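To keep things clear, I will list the structure first and then write my remarks on it.
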Amino acid sequence: MENILKEKIREAVKVLFNGNACDDLIQVQETRKDFTGDFTLVVFPLLRFSKNTPEKNGEIIGSHLAATFPAVKGYNVIKGFLNIEVSDAWWIGNFSAMAAENDLFGRCRVSKPETILIEYSSPNTNKPLHLGHIRNNLIGFSLYRIQSACGHRVIKTNIVNDRGIHICKSMLAWQKHGNSETPHSSGLKGDHLVGKYYVMFEKEWKLEAEALISSGMNEEDARNSAPIMKEAREMLIKWEAGDKEVMDLWSMMNSWVYEGFDETYHALGVDFDKIYYESETYQPGKDIVFKSLEKGILYRKDDSSIWIDLTAEGLDQKLLLRSDGTAVYITQDIGTAVLRQADYSFDKCIYVVGNEQNYHFQVLKAVLKRMGYPWSDGLIHFSYGMVELPEGRMKSREGTIVDADDLISEMKETAREVSIELGKLGDFTAEEREEIFRKIGLGALKYFILKVDPRKNMTFNPSESIDFNGNTGPFIQYTYARIRSVFRKAEQSGVEYDPALLPGSPAGPKEIMLIKLLRNFSKAVSEAASANSPAVVANYCYDLAREYNQFYHDFSILGEENQALRNLRLAISEVAGKALSSGMWLLGIEMPDRM
RNA sequence: GGCCCCAUAGUUCAAUGGAUAGAACGGAGGUUUCCUAAACCUUAAAUUCAGGUUCGAUUCCUGGUGGGGCUACCA
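Under the numbering used here, the first residue of the first sequence is numbered 8, with each subsequent residue one higher.
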């Protein structure tokens, strides 16, 4: 409609003022709620074509449109804004097409589908997942769904940091103190078990270092020469040499961790199409570095470490390989990127990684470009903000890490408490109830995190937990459950609706308001895709649920109203239900039929 | 020191350069003969400061203040 209107306005300008208005000058937007009208033309930019006041100009264009375009019911001019009213019949005619859509409701389709790789999650194998990972996983997974809904081919990948000194730390502690403890024998989730030994190492290391400091050593030397740290380094050397005993221990403990992670991923409802391991990509990365060195893109320092000079790009000099020939973080990322391009020929590769690594990804992109990979332009660092607690950043030293598994079960528990307190779900079986508590608890958590603009830091208050009222997941879920209920009731009383009746339906302002909102669903999806922001979809869902609730409040299906209006309302409910569930699906949030 | 990001009601979040800056929570008050009261309605409350560009700035530019991040031969 906007486009049709723009065209009509362009013609009007031509006829009335003999001016050629280009697209930027014709600004049509939706009319704000507190004014009458559906679309609004901003008149200011068109003043250049005539010498009238803005009001006069709006008046002229408005009357011309109303006279020549039947879908325009009326208009009014306020200051420099021309509000155009579109006829109800046009809205309902437009809506009946939506009512007929299948369950792929409102997906937008881009004209040029691309292959997009999304990397998210990226855990370390020595610690369980925490709140920061939850935000990462939810954003990554939702981006996957949003980009897919736009018609792109999207591959979800994960890169696991399974190599390096940190892994040796937990292995060593387990060897010393583990007594062959396994997830099975301890009853601990694998990632938590390994995390426990990592913490144990850190404690012991600290004690040894303190002892050395009190005997007169400076802090850095003490940390480096603590016996347990030396042992860890020896273990890393053995690992890199492929020592069988160390490798076996490494694979065993990693497999525990992966089992633990899988459980958490499953609970969060996220998954991956392809998992890369740092242990498999650092070597290709090193090879690439050597090749680039031969080509003269890189340089070697006297201590034989390898560097790249990025000062021309406004960045610094960056180390790509240590003097002892071992790989650093970025070496591995170079290897991974090249492997991925070979595997999938991606157009874009989106890295969902926290904003503390902005510099790292700037460098990565620049390095790959310098190395001559044209696809490096398609690397996108999707930088999201930190999750902070009311008292500030999460710090493991202060024990303020919010564990992912704990949080998920707390959310389910809260959902249970709230539901029981409200006296809900009396007639369900225990299993059905658990399932609903799970959906609500996770819905609350996911929505709470995804509704915030991902680029911004956000505050998470665990003690207040998460609200179930207001702009929340459960509010939207509840709205959806009531829509389903409307249809259950309608069915019971034998009321059917007939989409064929829609074009002639009467409609009030509330109906039109909702129809307008529903039309915007695919717009919200494409906006979310271009901005890479699930928050756009989340806030759209909330607006819709809110409008629907207001509309629903005095909505009586079984009342004495005429058949056509009843039909329209049922149709709106149906489409609103589709839009809400489609929208929440894009966020990875499940919708219960009842709650 | 250098580079990057952020700043909106008491709090948590919104607002392609457009109209009177929206919600929610919390506070105060109200609404269930019909649809699920996890709802709905009413009410008080905000753009960090100073300039600039513009018909028009929360939005863009410059500077100040305040907060966060990066600046590892860690990942």
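Each residue gets a CB set at the ideal place from its N, CA and C atoms; glycine is no exception.
These figures come from a predicted structure and were not determined experimentally.
- Unbroken beta strand (DSSP E) stretches of 3 residues or longer found wholly inside the stretch 517–594: none.
- Ala-451 places its beta carbon 8 angstroms or farther from that of Ala-411.
- Beyond the five residues adjoining it in sequence on each side, Leu-551 comes within less than 7 angstroms, by CB distance, of Leu-524, Ala-583, Ala-586, Leu-587 in the same chain, given in chain order.
- With a threshold of 16 other beta carbon atoms within 10 Å, Tyr-82 meets it and is buried.
- Per DSSP, the unbroken beta strand (DSSP E) holding Lys-163 starts and ends at 160–167.
- Secondary structure of Val-84 (DSSP, three-state): strand.
- For Val-253, there is no enclosing beta strand (DSSP E); the enclosing alpha helix (DSSP H) covers residues 251–275.
- If you ignore the 5 residues before and after Val-20, its C-beta comes within less than 7 angstroms of the C-beta of Gly-26, Ala-28, Leu-53, Phe-56, all in its own chain and listed in chain order.
- The C-beta of His-191 has fewer than 16 other C-beta atoms within 10 Å across all chains shown, which makes the residue exposed.
- Membership of Leu-371 in the alpha helix (DSSP H) is indicated by the continuous run 365–377.
- With respect to Ile-483, His-137 sits apart: the two C-beta atoms are not nearer than 8 angstroms.
- Ala-74 is classed as exposed because its beta carbon has fewer than 16 other beta carbons within 10 Å across all chains shown.
- When the Cα atoms are used, Asp-278 and Ala-180 turn out to be separated by approximately 31 angstroms.
- Around the beta carbon of Glu-597, 16 or more other beta carbons lie within 10 angstroms, which makes this residue buried.
- If you compare the alpha carbons of Gln-34, Pro-397, Cys-157 with that of Gly-87, the shortest gap goes to Gln-34.
- At a Cβ-Cβ threshold of 8 angstroms, Leu-371 and Asp-340 count as neighbours.
- Annotated as proximal: Asn-133 and Ile-174, with beta-carbon spacing under 8 angstroms.
- In the structure shown, Ala-248 falls within a coil segment according to DSSP collapsed to helix, strand and coil.
- DSSP, reduced to helix, strand and coil, places Leu-136 outside both helices and strands of the structure shown, so it counts as coil.
- Your pair Ala-545 and Leu-457 checks out as a contact, with CB atoms roughly 5 angstroms apart and the cut at 8 angstroms.
- Listed as beta-bridge partners of Val-35 by DSSP are Leu-48.
- Classified as buried, Ile-91 has 16 or more neighbouring CB atoms from the shown chains inside 10 Å of its CB.
- DSSP places Ile-313 in the strand class (E or B) of the three-state scheme.
- From the listed residues Asp-310, Asp-255, Arg-495, the smallest Cα separation to Asp-331 is found for Asp-310.
- Bounds of the alpha helix (DSSP H) holding Lys-419 are 411–428.
- By the neighbour-count criterion, in which a residue is buried when 16 or more other Cβ atoms sit within 10 angstroms of its Cβ, His-140 is buried.
- Contact between Trp-212 and Ile-235 holds: CB atoms are separated by about 5 angstroms, below the 8 angstroms threshold.
- When Thr-466, Asp-255, Tyr-272, Gly-171 are compared, the shortest CA-CA separation from Arg-240 is found for Gly-171.
- Shown here, Ile-125 sits in a strand according to DSSP, grouped into three states.
- With three or more CB-CB distances shorter than 8 angstroms, the stretch 283–292 counts as touching the stretch 159–168.
- Proximity of the stretch 335–351 to the stretch 292–307 meets the contact definition, three or more beta-carbon pairs being nearer than 8 angstroms.
- Here DSSP, grouped into helix, strand and coil, assigns Ser-57 to coil.
- Straight-line spacing of the CA atoms in Phe-475 and Gln-154 works out to 28 angstroms.
- Contact between Leu-521 and Asn-574 is ruled out by a C-beta separation of about 14 angstroms, above the 8 angstroms threshold.
- Distance from the CA atom of Ala-96 to the CA atom of Met-8, rounded to whole angstroms, is 13 angstroms.
- For Val-22, the number of other beta carbons within 10 angstroms of its own is below 16, and it is reported as exposed.
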